[in-house]
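Peer 1:
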Amino acid sequence: MRFEILRLDDVDGTPVDRTVVDAASVNGIVQQAAAIGQRIWIRPAETSAL
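The number in our numbering is simply the position in the sequence shown, starting from 1, with 224 added.
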């Protein structure tokens, strides 16, 4: 499964950066964001129909 992670602006919460990662990478990104106080939004990445 893949997840979309959006880095949010500190002032108004609007997305300023987006990345799509696999499930194994999510924990590391959450840990990094928590360590520096970064706001992020994580949601399942949209997949196209095969």
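For each residue, glycine too, the CB sits at the ideal point set by N, CA and C.
Is Val-254 helix, strand or coil by DSSP?
Peer 2: helix
Peer 1: Using a threshold of 8 Å, state whether the C-beta atoms of Arg-226 and Asp-241 are closer than that.
Peer 2: no
Peer 1: Might you give, ordered along the chain, the residues of its own chain that have their beta carbon closer than 8 Å to the beta carbon of Pro-268, omitting 5 neighbours on each side?
Peer 2: Met-225, Arg-226, Phe-227, Glu-228
Peer 1: What are the start and end residues of the beta strand (DSSP E) that includes Val-244?
Peer 2: 239-246
Peer 1: With a CB to CB cut of under 7 Å and the five nearest residues on each side skipped, what residues in its chain are close to Gln-262?
Peer 2: Arg-231
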